[in-house]
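The sequence shown begins at 1 in UniProt numbering and counts up one residue at a time.
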Amino acid sequence: MSEMTWPMPLVELTDGYIVMREPVDDDADALTAVAQDEQSQKYTKVPADYTHEMAVDYMRSRAADPGTVMWAIEFSEAPGRYAGNLEIRLVSEISRTVSLAFTTAPWARRKGLMTHSANLALQHAFDNGARRVEVATLASNTASRMLLQNLGFVLEGIVQKGREHKGSMVDVAVFSRGRDTEAGIDASAARAGE
Numbered sequence: 001m002s003e004m005t006w007p008m009p010l011v012e013l014t015d016g017y018i019v020m021r022e023p024v025d026d027d028a029d030a031l032t033a034v035a036q037d038e039q040s041q042k043y044t045k046v047p048a049d050y051t052h053e054m055a056v057d058y059m060r061s062r063a064a065d066p067g068t069v070m071w072a073i074e075f076s077e078a079p080g081r082y083a084g085n086l087e088i089r090l091v092s093e094i095s096r097t098v099s100l101a102f103t104t105a106p107w108a109r110r111k112g113l114m115t116h117s118a119n120l121a122l123q124h125a126f127d128n129g130a131r132r133v134e135v136a137t138l139a140s141n142t143a144s145r146m147l148l149q150n151l152g153f154v155l156e157g158i159v160q161k162g163r164e165h166k167g168s169m170v171d172v173a174v175f176s177r178g179r180d181t182e183a184g185i186d187a188s189a190a191r192a193g194e
């Protein structure tokens with residue numbers, strides 16, 4: 001595919017273990033609880049006084065944003081229970097580059113939710129013509145860094161003091177994965193060496 005479809009279609013994605021669906025206003029209470037969680041506060045820009053109204057506004061603004069496609073995530077065995085969200089954000093249509101952003105509810109952590117979700121999102125992005133997927137996370141966020149490495153993302157580097165975070169400048173780890181990259185190895189380069 002030589003072009004990328006943008007905006008990418010917001011369709012339900014599932015692998016039998018998780019379901020990624022369009023967010024609904026009923027997710028706002030759960031999103032508010034996630035935003036107030038200690039880990040979310042530590043690694044996201046969400047304000048400590050995050051409210052239900054802010055969650056509704058956030059979901060609606062994401063739905064209206066032509067540069068973002070956002071899914072709510074739930075386990076197949078617990079339909080209707082918000083377990084997190086994942087966004088694909090447009091970086092560049094010309095280079096066919098998108099980025100991922102994600103959050104997991106505390107009760108859903110360490111159950112493979114984001115591994116399954118990110119794999120589905122990657123496949124969806126590549127199926128719709130993306131050539132490159134990027135993720136920038138706080139360098140101190142070891143859980144996200146491990147997830148990305150396990151998904152075959154390559155650490156491109158650490159941008160020192162690359163982002164303002166709650167009043168301080170912090171280091172940012174930049175990861176990427178290309179359409180032809182599998183488990184951190186560029187498949188085209190591997191074929192060229194055969």
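Idealized CB from N, CA, C, for every residue including glycine.
Treat the numbers as computed from the prediction; the structure is a model and nothing was measured.
Secondary-structure assignment with DSSP links H165 through a beta bridge to S168. In the pairwise beta carbon analysis, the stretch 92–100 is classified as not touching the stretch 43–53: fewer than three pairs are separated by under 8 angstroms.
DSSP lists L90, V133 as the beta-bridge partner residues of V98. Under the three-state reduction of DSSP output, M70 falls in the strand class. Per DSSP, V34 is one residue of the alpha helix (DSSP H) stretching across 28–36.
If the five residues before and after E93 are omitted, its C-beta is found closer than 7 angstroms to the C-beta atoms of M4, W6, all from its own chain and listed in chain order.
Nearest to R81 by alpha-carbon distance, out of L155, E22, E87, is E22. Apart from the 5 residues on each side of it in sequence, L113 sits with its Cβ closer than 8 angstroms to the Cβ of I18, I73, F75, A83, G84, T104 in its chain, given in chain order. DSSP places E22 outside both helix and strand once states are collapsed to three, so it counts as coil. The Cβ atoms of Y43 and L151 do not sit closer than 8 angstroms to each other. Beta-bridge analysis with DSSP links V154 to S176.
Just measuring C-alpha positions, the residue of L155, E164, K166, V170 sitting nearest S176 is L155. I158 sits away from A136, with the two beta carbons spaced by 8 angstroms or more. Proximity to N141 across R179, D171, V133 peaks at D171, based on C-alpha coordinates.
Within 10 angstroms of the beta-carbon of V11 lie fewer than 16 other beta-carbons, which makes it exposed.
DSSP places V46 in no alpha helix (DSSP H); its state is neither H nor E. In the structure shown, V56 adopts helical secondary structure according to DSSP, grouped into three states. Around the Cβ of A28, a 10 Å sphere holds 16 or more other Cβ atoms; the residue is buried. A straight-line Cα-Cα distance of about 12 angstroms links R89 and R132.
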